[in-house]
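The structure appears below as structure tokens.
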């Protein structure tokens, strides 16, 4: 069985979330090969996940969200999807 997403324990995983600004919107191609807005993307600060911002994507049908900088926010029905990062590292033998 394939895992599609994870429903997190919000308090334990993210703690308090604050709005950190808008991120790049996500576009897709429709059947006529036109670019259409698919999802809006937002950055959040977390007092638990301190290494990086939490990036939240919501469907365009949910509408644009307006928050003040560092305003506390709450996620409704969150689902976590895995993403990987690609890194290029040059390793040199140590003598």
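Numbering (my numbering), first residue to last: 1417 to 1511.
Yeah, the Cβ is synthetic: ideal placement off N, Cα and C, and Gly gets one too.
Along the chain, where does the alpha helix (DSSP H) that runs through residue i open and close?
{"i": "residue 1429", "result": "1426 to 1429"}
If I'm right that residue i touches residue j with Cβ under 8 Å, what's the distance once you round it to whole angstroms?
{"i": "residue 1457", "j": "residue 1431", "result": "Not a contact, Cβ separation roughly 21 Å."}
{"i": "residue 1476", "j": "residue 1454", "result": "6 Å"}
{"i": "residue 1483", "j": "residue 1489", "result": "6 Å"}
{"i": "residue 1452", "j": "residue 1444", "result": "6 Å"}
Out of the options, which one is the CA nearest neighbour of residue i?
{"i": "residue 1434", "options": "1469, 1460, 1478", "result": "1460"}
{"i": "residue 1474", "options": "1428, 1438, 1429", "result": "1438"}
Could you tell me the boundaries of the beta strand (DSSP E) in which residue i lies?
{"i": "residue 1494", "result": "Taken as a continuous stretch (DSSP letters only), residue 1494 belongs to no beta strand (DSSP E), as it is neither H nor E."}
{"i": "residue 1461", "result": "1451 to 1462"}
{"i": "residue 1475", "result": "1470 to 1475"}
{"i": "residue 1479", "result": "First-last for residue 1479: undefined, no H or E at that position."}
{"i": "residue 1434", "result": "1433 to 1438"}
{"i": "residue 1444", "result": "1442 to 1445"}
So is residue i buried or exposed if we call it buried at 16+ other beta carbons inside 10 Å?
{"i": "residue 1436", "result": "buried"}
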